[in-house]
Amino acid sequence: MRHCYYHMANKKPVWSIRRFRELASAVWDEDLVESAYSAAQGLARDFDFAGFHARQVCQLMDNLEFPAARPGETRGWAAMRQLFYEAEPGDKQRPLSRARFEATAHLIAFFRALHSATDLIAPLVYFGLGLPNRLPRPISERKIYPAVVRDKLAAANLHAEVVSALDRLVASHAYRYLRALVNTLKHRRLVPAGFQISFDFTGDPKYGMRIGHFSYDNESFEQCWAGEYFENGSREISARVIEIGVAVNRALEEICESKQRNGA
Numbered sequence: 008m009r010h011c012y013y014h015m016a017n018k019k020p021v022w023s024i025r026r027f028r029e030l031a032s033a034v035w036d037e038d039l040v041e042s043a044y045s046a047a048q049g050l051a052r053d054f055d056f057a058g059f060h061a062r063q064v065c066q067l068m069d070n071l072e073f074p075a076a077r078p079g080e081t082r083g084w085a086a087m088r089q090l091f092y093e094a095e096p097g098d099k100q101r102p103l104s105r106a107r108f109e110a111t112a113h114l115i116a117f118f119r120a121l122h123s124a125t126d127l128i129a130p131l132v133y134f135g136l137g138l139p140n141r142l143p144r145p146i147s148e149r150k151i152y153p154a155v156v157r158d159k160l161a162a163a164n165l166h167a168e169v170v171s172a173l174d175r176l177v178a179s180h181a182y183r184y185l186r187a188l189v190n191t192l193k194h195r196r197l198v199p200a201g202f203q204i205s206f207d208f209t210g211d212p213k214y215g216m217r218i219g220h221f222s223y224d225n226e227s228f229e230q231c232w233a234g235e236y237f238e239n240g241s242r243e244i245s246a247r248v249i250e251i252g253v254a255v256n257r258a259l260e261e262i263c264e265s266k267q268r269n270g271a
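Numbering (the numbering used here), first residue to last: 8 to 271.
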C-alpha cells in the first residue's frame with residue numbers, strides 16, 4: 008500500500024491553454040498575449056514541479072527501510088522503533104535521518120512551486136483579459152496578485168464568472184494555508200517540518216512528513232500531514248485554478264463574439 012498519493016501525478020487539466028492563447032490572440036495585441044501565455048506556461052511548469060517534489064516525498068516514505076524493526080511488526084511500529092534506535096548515540100546506519108532530510112527538502116520545494124503556480128494565475132487573468140487597457144487604472148506590476156485582480160475586476164463590474172472563480176481560490180483553506188506557510192518560511196521564521204509519528208499506541212501508528220502548527224496574519228494553522236495536503240489541499244488548488252482558466256476562456260469567447268457582432 009502506498010504511504011501517500013499525489014493526485015496530479017497522472018491527471019491532465021481540463022482547461023485548454025492552447026485555446027486560451029488562440030482566443031487571446033484574436034482580440035489583444037502581441038505584447039498582452041505573450042505576457043498572458045508566458046504566465047500560463049509558467050503556471051503549468053510550476054504544477055509539474057510541485058508534482059515532482061510531492062512524488063519524491065511519497066517515494067521516500069514508501070521506500071523507507073527500518074533495520075531496527077522486529078519480525079512481524081507493522082510499518083508504523085517499525086518506524087517508531089527505528090526513530091528511537093537512531094536517536095541513541097553510537098556509530099550506526101541512520102537511513103531514517105537521511106530520508107527525513109531529503110523529504111523535508113522536497114516538501115518545502117513542493118509548497119513553494121505550488122505557491123508560485125497560484126501567483127501566476129493573476130497575470131494570466133490580468134493580461135489574458137486585456138485589463139491593462141480596460142481598467143480605469145492599470146495595476147502596478149508588483150501588485151498583480153489573485154486577490155488584487157479579483158477586486159479590480161469586481162470594482163469595474165467585469166466578468167462576474169472570473170471574479171467568482173478567483174474568489175473561490177482566494178477564500179479556500181488550501182490556498183490560505185499555502186500562502187501563509189510559504190510567506191512565513193520566506194519572510195518570517197522557520198516552521199517545524201519533518202518526519203513524525205503519531206505515537207498512537209493502539210493499532211498501527213501513523214508516520215510520515217508533517218508540518219507543525221504556525222500562525223500568519225492573525226490566522227492560526229494546525230499541524231498538517233503532508234500526505235493529506237497532497238491528496239486534499241493540492242486537489243482543491245488544482246480545481247480552483249482550472250475553474251479560473253475555464254472562466255477566462257469563456258470570457259474571451261464572449262469578447263470575441265461581441266467584436267464580431269460589432270464588426271470590429
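Just so it is clear, CB atoms sit at the ideal spot from N, CA and C, and this is done for glycine as well. Keep in mind it's a predicted model, so treat the numbers as computed, not measured.
For residue i, the three-state DSSP class (helix, strand or coil)
i: Ser-171; result: helix
i: Glu-95; result: coil
i: Ser-222; result: strand
i: Gly-210; result: coil
i: Ile-151; result: coil
i: Arg-186; result: helix
i: Gln-203; result: strand
i: Phe-228; result: strand
i: Gly-49; result: helix
i: Arg-25; result: helix
i: Arg-196; result: coil
Buried versus exposed, by CB contacts within 10 Å (16 or more), residue i
i: His-166; result: buried
i: Lys-18; result: Residue placement at Lys-18 cannot be trusted, given a pLDDT of 48 that sits under 50; the coordinates are not used to answer.
i: Lys-193; result: exposed
i: Gly-79; result: exposed
i: Glu-229; result: exposed
Close Cβ partners of residue i (< 6 Å) along its chain, the five nearest in sequence each way excluded
i: Ala-151; result: For clarity, residue 151 is Ile in the given sequence; the question names Ala instead. Excluding sequence neighbours, Ile-151 sits near Ala-129, Pro-130 and Tyr-133.
i: Arg-175; result: Arg-247
i: His-122; result: Leu-185 and Val-189
i: His-60; result: His-113, Ala-116 and Phe-117
i: Glu-168; result: Ala-254
i: Ala-120; result: Asp-53, Phe-56 and Ala-57
i: Ala-46; result: Leu-127, Pro-130 and Leu-131
i: Pro-139; result: Pro-145
i: Ile-262; result: Val-34
Cβ separation of residue i and residue j, assumed to be a contact under 8 Å, to the nearest whole Å
i: Glu-260; j: Leu-114; result: No, Glu-260 and Leu-114 are not in contact; Cβ-Cβ is about 39 Å, not under 8 Å.
i: Gly-49; j: Leu-127; result: 5 Å
i: Ala-172; j: Ile-251; result: 4 Å
Other residues of its chain near residue i: CB distance less than 7 Å, five sequence neighbours each side excluded
i: Pro-153; result: Thr-125, Ile-128, Ala-129, Leu-173, Leu-176 and Val-177
i: Ala-287; result: As shown, the chain starts at 8 and ends at 271. That puts residue 287 outside it, with no answer to give.
8 Å Cβ shell around residue i - same chain, five flanking residues per side excluded
i: Ala-258; result: Leu-136, His-166, Glu-168 and Val-169
Segment contact flag, the stretch 182–193 with the stretch 39–55, C-beta cutoff 8 Å, min 3 pairs:
no
With three or more beta-carbon pairs closer than 8 Å as the criterion, would you say the stretch 23–42 touches the stretch 263–270?
yes
Can we say the stretch 101–114 touches the stretch 192–206, given the rule of at least three CB pairs closer than 8 Å?
yes
Counting Cβ pairs, one atom from each stretch, are 3 or more of them under 8 Å apart for the stretch 156–165 and the stretch 79–89?
no
Below 8 Å, can you find three or more Cβ-Cβ pairs linking the stretch 60–74 to the stretch 101–109?
yes
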